[in-house]
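**Student:** Heads up, the sequence shown is in this note's numbering, so the first residue is 128 and it goes up one at a time.
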Amino acid sequence: MPTIKDNAICVRLMDWSETSQVVVMMTQSHGKVSAVAKGAKRQTPSTLAKFSGGVELLTAGEAVMIVKPSSELANLIEWNLVDAHWHLRDNYRAFELAMYAADLVHHLVHDHDPHEGTFAALRDLLRQIGSTQIKNPDDSAAKAGSSSDLGLMAALVRFQWALVVDLGFKPVLEADAQTGETLNESAATLAFSASAGGLVADTGASDRWRVRRQTVDVLRAVAAETGIDRFDEASLRRANQLLCVYFRAILDKQLPTMDALLRER
């Protein structure tokens, strides 16, 4: 039974028993790994030494796991906390978006399928949203999702783009994804087709979503890594929503955490 030691981020956490937990880790080099953390909830000195800082959702650390070929669950035998991301407990909006990001990773990445780019994107997102303006968690506007924070939307669109590229779903942005023809760049709107895998002509057909020119500009800027600081919060939000519904089409289901983005208009 091989033992692996890797940097990891906890993307899902469930109680297994009164003293144990099941954790789902996105690791840097070994992909997504599900494991049982036996006795992790005990408060004995030996347990506290093995699971330093405790295993919590969205925390980052160094995990040591025994992978059993005959079982879907590995054994998490050691956890050294590196970053608890405490800022997420003080910023309701950042917490919502972080949960959405973790949910995407959990549902899109297959077990033991290495995706270092996805790990790096999630790690960077959790760090970046910690440097944005902190909102009062009791603020009703924040709970309603009306955020004026450019930083959160900018960090999220970078994350979603990195994810869509790393997992092999990069959309076509420079030509009609359906016909291969040149797009009408003078048109006020274009369209996006999940089945075609990118931008298409805005014909009004039911297989595509109408997209504003500014939304296309955001995605092209992210893809070209030319910077997105010039875009306003509304444009960044719409780009995030487009990528969100693209992921929804890929998964063929809507994740509950997608509401954090899709409820906004």
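The beta carbon of each residue, even a glycine, is placed where N, CA and C say it ideally should be.
Looking at C-alpha atoms only, which residue of R250, L290 and V160 is the closest neighbour of L231?
**Tutor:** Counted from its first residue, the sequence shown places residue 231 at position 104. Nearest of R250, L290 and V160 to L231, Cα basis: L290.
**Student:** Fully enclosed by the segment 277-305, which beta strand (DSSP E) runs are 3 residues long or longer?
**Tutor:** Whole beta strand (DSSP E) segments, 3+ residues: zero.
**Student:** On the premise that A247 lies in contact with D210, defined as a C-beta separation below 8 Å, what is that separation, rounded to the nearest angstrom?
**Tutor:** Within the sequence shown, the letter at position 83 stands for residue 210. Within the sequence shown, the letter at position 120 stands for residue 247. Their Cβ separation, rounded to whole angstroms, is 14 Å, which puts D210 and A247 out of contact at 8 Å.
**Student:** Check the C-beta distance from V194 over to P129 and give it rounded, since I have them as a contact under 8 Å.
**Tutor:** Start at 1 with the first residue of the sequence shown, and residue 194 comes out as number 67. Start at 1 with the first residue of the sequence shown, and residue 129 comes out as number 2. So it is a contact: roughly 5 Å between Cβ atoms.
**Student:** Need the endpoints of the alpha helix (DSSP H) that T245 sits in, please.
**Tutor:** Residue mapping note: residue 245 aligns to position 118 of the sequence shown, counting from 1. It spans E243 to Q255 - the alpha helix (DSSP H) in which T245 sits, taken as one unbroken run.
**Student:** Suppose contacts are defined by Cβ-Cβ distances below 8 Å. Is L252 in contact with L283 by that definition?
**Tutor:** Numbered from 1 along the sequence shown, position 125 holds the residue referred to as residue 252. Numbered from 1 along the sequence shown, position 156 holds the residue referred to as residue 283. Yes, the pair counts as a contact, with Cβ atoms nearer than the cut-off.
**Student:** Taking G331 as the reference, which of Q341, S320, G325 and A281 has the closest Cα?
**Tutor:** For the purposes of this step, residue 331 is identified with residue 204 of the sequence shown, where counting begins at 1. Cα-wise, what sits closest to G331 is S320.
**Student:** Assign M153 to buried or exposed, taking buried as 16 or more other Cβ atoms, counted over all protein chains shown, within 10 Å of its Cβ.
**Tutor:** Taking the sequence shown and counting its residues from 1, the one referred to as residue 153 is at position 26. Label assigned to M153: buried.
**Student:** For I355, which residues does DSSP report across the bridge?
**Tutor:** Counted from its first residue, the sequence shown places residue 355 at position 228. None; I355 has no bridge partner.
**Student:** Determine the direct distance from the alpha carbon of K177 to that of T171, and round the result to whole angstroms.
**Tutor:** Your numbering for residue 171 matches position 44 in the sequence shown. Your numbering for residue 177 matches position 50 in the sequence shown. Rounded to whole angstroms, T171 to K177 spans 10 Å at the Cα level.
**Student:** Name the DSSP bridge partner or partners of E189?
**Tutor:** Taking the sequence shown and counting its residues from 1, one reaches residue 189 at position 62. E189 pairs with N134 and N207.
**Student:** So, is D142 buried or exposed, given that buried needs 16 or more other C-beta atoms within 10 angstroms?
**Tutor:** Counting from one through the sequence shown, the residue named residue 142 turns up at place 15. Answer is exposed; the Cβ neighbour count stays below 16.
**Student:** Tell me, which residues are paired with V160 by DSSP?
**Tutor:** Residue mapping note: residue 160 aligns to position 33 of the sequence shown, counting from 1. According to DSSP, which records beta bridges pairwise, V160 is partnered with M152.
**Student:** Let me make sure I understand the geometry here. Which of L310, F222 and L300 has the alpha-carbon closest to that of L369?
**Tutor:** Along the sequence shown, one-based indexing puts residue 369 at 242. The option with the nearest alpha carbon to L369 is L300.
**Student:** Counting Cβ pairs, one atom from each stretch, are 3 or more of them under 8 Å apart for the segment 376-383 and the segment 357-366?
**Tutor:** These segments do not touch.
**Student:** Less than 8 Å separating the beta-carbons of E360 and M280?
**Tutor:** For the purposes of this step, residue 360 is taken as the residue at position 233 of the sequence shown. For the purposes of this step, residue 280 is taken as the residue at position 153 of the sequence shown. Cβ atoms of E360 and M280: closer than 8 Å.
**Student:** Identify whether A176 lies in helix, strand or coil by the three-state DSSP scheme.
**Tutor:** Taking the sequence shown and counting its residues from 1, one reaches residue 176 at position 49. It is helical.
**Student:** Just mark N218 as buried or exposed, buried being the case when its beta carbon has 16 or more other beta carbons within 10 Å.
**Tutor:** For the purposes of this step, residue 218 is taken as residue 91 along the sequence shown, with counting starting at 1. So N218 counts as buried.
**Student:** To which residues of the same chain is D329 closer than 7 Å at the C-beta, ignoring the five residues directly before and after it?
**Tutor:** Your numbering for residue 329 matches position 202 in the sequence shown. Same-chain partners within the cutoff: A314, T316, L317, A318 and R337.
**Student:** Compute the distance between the beta-carbons of Q155 and D133, then report whether it is under 8 Å.
**Tutor:** Along the sequence shown, read from residue 1 onward, the residue named residue 155 stands at position 28. Along the sequence shown, read from residue 1 onward, the residue named residue 133 stands at position 6. For Q155 and D133, yes; Cβs fall inside 8 Å.
**Student:** Please work out which residues of its chain come closer than 6 Å, Cβ to Cβ, to L184, disregarding the five sequence neighbours upstream and downstream, and give them in chain order.
**Tutor:** Locating residue 184 in the sequence shown gives position 57, counting from the first residue. Result list for L184: C137 and L140, in chain order.
**Student:** Applying the criterion that 16 or more other CB atoms from any shown protein chain within 10 Å of the CB defines a buried residue, is A351 buried or exposed?
**Tutor:** For the purposes of this step, residue 351 is taken as the residue at position 224 of the sequence shown. By the neighbour-count rule (16 or more Cβ atoms within 10 Å), A351 is not buried but exposed.
**Student:** Alpha carbon to alpha carbon, how far is S322 from A376? Give it in angstroms, no decimals.
**Tutor:** As a first step, residue 376 must be located in the sequence shown, where it is residue number 249. As a first step, residue 322 must be located in the sequence shown, where it is residue number 195. When rounded, the distance between both Cα atoms is 8 Å.
**Student:** Under a three-way DSSP split, which group does A318 fall into?
**Tutor:** To locate residue 318, count along the sequence shown from 1; it is residue 191. If DSSP states are grouped into helix, strand and coil, A318 belongs with the strands.
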